[in-house]
Amino acid sequence: MPISQMPRRLLLLAASLALLAGCATAPRPAATAAGACPACPVCPAPGAAPVCPPAGAQLPPPPAAKPLQPARWEDLPGWGEDDLGAAWPAFLQSCKGLVGKKEWPLWRPACDEAQTLGSKPDNGSLRRFFESRFQPYLLTNPEGTVEGMITGYYEPLLKGSRKPTGPGRYAVLGVPDDLLTIDLSELYPDLKNYRLRGRLLGNKVVPYWSRAELMAREDSLKARTLLWVDDPIELFFLQIQGSGRVRLPDGSIVRLGYADQNGHPYQSIGRVLIERGELKPEQASMQGIQAWARANPAKVNDLLNANPSYVFFRELDLPASEGPIGALGVPLTPERSIAIDPRSTPLGAPVFLAASHPNSSKPLRRLVLAQDTGGAIKGVVRADYFWGYGAEAGALAGRMKQTGQMWVLLPPGLGPR
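Under this note's numbering, the letters of the sequence shown match residues 442 to 858, in that order.
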């Protein structure tokens, strides 16, 4: 049944379930010490004695910090040294992706001026452009901290075929016909970027199949199989990356991109291996997990099923020279595109990133563009840095787990009020 024809009560029920699933309880502060008198919330009447709360009463938690704190250009470490020209093609791609969006009128003046600067403006012109058209904001976590996790991703190359012959026997699935994707913002505009996935069971919307359930039903999904690949752990990492390339027996390359997801939360298999005592924390990189899988082939399926999330793909017709398509709908630029949490960082926005290279103290300070999202990319100061295509990019992405800061650059009218 098309979503538009579903009874409104089902949609409201689905939205309510999603809201319940997304609720979180803030940590409770420590109890006030007995005998201590916290500051009075309001001034007492003249001549009246302050009244203390009962011993052991808890104060309300402090308000969460605003995610966007106004900053100055001189606050951005390395802003004056970055090669802004390397980020310029990515910025022009962002302008293309923002056309027609609700916020486009606010982006348009900057994007129109960008067209007058050409494809290769000098660094001085670019610095003046950004400083005149944008205001930097320091991304800040709810608890007031300004540092977060910066990981990396890439576009992998797998071996596969159109038929399940020889070693190629692990299915790359397209979007199943029974997967419902409900955009909750159509009912509640405040729930922008929230979608509910499910399936119909009679006249009810129920959660879609988990990874383990999908694998048990794989025979019924053959009609949605795009390709077959020869390695289950490589297929799993393809799903984490969200895009990739598959080399067929005749040497041709098929480009794959993210199409949808089954709606279940992502569970890190690296964390699962640590909890099971199979790997130490410092070993739980992409390369470490791949090595563990090679040494424990009989345990791989059980490990993968510990993550209930499952990603579906679509074939893409892209030139070999272009990066994969991100959530903004434009090709990603190696080392200048990032995936972000769109609840705090607008898709398409320039972001100045201050982190370090993988397993290194070497600074990584540069202008990047927020052009993608990811199931594991949650939080205000949080980004996934796109390294590009191939084995070298994969080696860098697999080792990257750095601490960093982020400043988002916004045109007038898009900043906090």
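All residues carry an ideal CB built from backbone N, CA and C; glycine is no exception.
Check	Outcome
Within the same chain, show all residues whose beta-carbon is closer than 7 Å to that of V670, passing over the 5 residues directly before and after it, in chain order.	L599, K600, G601, G609, Y611, V613, L676, V687
Can you grab the Cα-Cα spacing for the pair G845 / A824, in whole Å?	9 Å
Could you check how far apart the C-beta atoms of V752 and Y699 are, in whole angstroms? I think they sit under 8 Å.	6 Å
Opposite R568 in the DSSP bridges: which residues?	None; R568 has no bridge partner.
Look up W548 in the DSSP assignment and say whether it is helix, strand or coil.	helix
Which of the three DSSP states is assigned to K507 in this structure?	coil
Span of the alpha helix (DSSP H) holding R652?	652 to 657
CA-CA distance, M590 and L808?	17 Å
Could you check where the beta strand (DSSP E) with K842 kicks off and where it finishes?	842 to 851
Nearest-angstrom Cα distance between T592 and K803?	15 Å
By the DSSP assignment, the beta strand (DSSP E) with L637 in it spans what residues?	636 to 642
Is it right to say I781 is buried, meaning 16 or more other beta carbons lie within 10 angstroms of its own, or is it exposed?	buried
Suppose contacts are defined by Cβ-Cβ distances below 8 Å. Is A747 in contact with V713 by that definition?	yes
So, for E572: in the same chain, excluding its five sequence neighbours on each side, which residues have a beta-carbon less than 7 Å away from its beta-carbon?	W514
Taking 8 Å as the CB-CB cut-off, is V695 touching chain C?	Of the chains in the structure shown, none is chain C; there is only one protein chain.
Would you identify the three-state DSSP class for K645, choosing helix, strand or coil?	strand
Is I681 helix, strand or coil by DSSP?	helix
I'd like to confirm the pairing. Which residues does DSSP put opposite F827 in its beta bridges?	Y594
Could you give the uninterrupted runs of the beta strand (DSSP E) lying entirely in the segment 721 to 770, keeping only those of 3 residues or more?	752 to 757
Counting C-beta neighbours from all protein chains within 10 Å, is the total for R569 16 or more, i.e. buried, or is it exposed?	exposed
Which residue's Cα is closest to the Cα of L637: L620, R652, G643?	L620
Got a sec, what are the start and stop residues for the alpha helix (DSSP H) S535 sits in?	529 to 539
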